[in-house]
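The block underneath contains the structure these notes are about, expressed in structure tokens.
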Amino acid sequence: MSAETRHVLSDQSIKHLEFIQAVVTRLGNGSFLIKGWALTLAGAFLGFSANSKSWKLAAAGVVPLVGFWILDAYFLRQERMYRMLYDDVRKPNSSIDPFSMDARPYKARVNWYKVLFSNTLVNFYLVLSILSLAFSAWKFIRY
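Take the sequence shown: its letter number 139 is residue 134 in this note's numbering, and every next letter is one higher.
This is the structure:
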């Protein structure tokens, strides 16, 4: 931050930015936990299906993965909206109401499709889904 910007931001604006940053941090932590649960559940489905002769069990593991993918996309979309709010609050002469935590005005700027198929989510969930489907196909062919 330049010296000019530091003088423009009031204590109230700095506190407002801290509140927004706390929300972004919580959303990031939530996303991390969702990925952990998705990985655990995918591993459990694959592990149980490896011990059984049913390909359906491995294929069923894709359903919760898709649910976690959508939930994680929701968290990522919210995080991006709050980051936009943060950027607007930090600008000099911001038109954002003091201590407003309303990120709804940014909904139109954060596309669901782009978030759902962002590199971060696709690389994680698509790989897990493909592994589950490949394993279920292998089990189907084998038995």
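Each residue gets a CB set at the ideal place from its N, CA and C atoms; glycine is no exception. Note that this is a predicted model, so its numbers are computed, not measured.
Whole angstroms are fine: how far does the CA of residue j sit from the CA of residue i?
i: V110; j: L116; result: 8 Å
i: A17; j: F135; result: 47 Å
i: L22; j: F70; result: 6 Å
i: L36; j: Q73; result: 24 Å
i: P87; j: F112; result: 34 Å
i: G56; j: G42; result: 11 Å
i: H2; j: S89; result: Residue placement at H2 is poorly supported in this model, since its pLDDT is 46, which falls under 50; the coordinates are not used for a value here.
i: R137; j: F40; result: 18 Å
i: L128; j: S44; result: 12 Å
i: N46; j: D92; result: 58 Å
i: Q7; j: W133; result: 60 Å
By Cβ distance below 6 Å, which residues in the same chain neighbour residue i in space, the five residues on each side in sequence not counted?
i: F94; result: H11
i: S144; result: Missing from the structure shown is residue 144; the chain here goes from -4 to 138 and no further.
i: L123; result: A37 and L60
i: D101; result: Just to set this straight, residue 101 is Tyr in the shown sequence, not Asp. Contacts found: M76 and M79.
Using a Cβ-Cβ cutoff of less than 7 Å, which residues in the same chain neighbour residue i once the five nearest sequence positions on both sides are dropped?
i: D67; result: S26, I29, K30 and L116
i: R104; result: M79
i: F119; result: K30
Residue i lies in the alpha helix (DSSP H); which residues open and close that run?
i: R137; result: V122 to R137
Residues in its own chain within less than 8 Å of residue i by CB, not counting five upstream and five downstream?
i: I15; result: Y77, L80, Y81, V84 and M96
i: I65; result: L111
Residue ranges of each alpha helix (DSSP H) within the segment 16 to 73, 4 or longer: 50 to 55
Residue ranges of each alpha helix (DSSP H) run of no fewer than 4 residues wholly in the segment 87 to 111, ordered along the chain? Runs found: 107 to 111.
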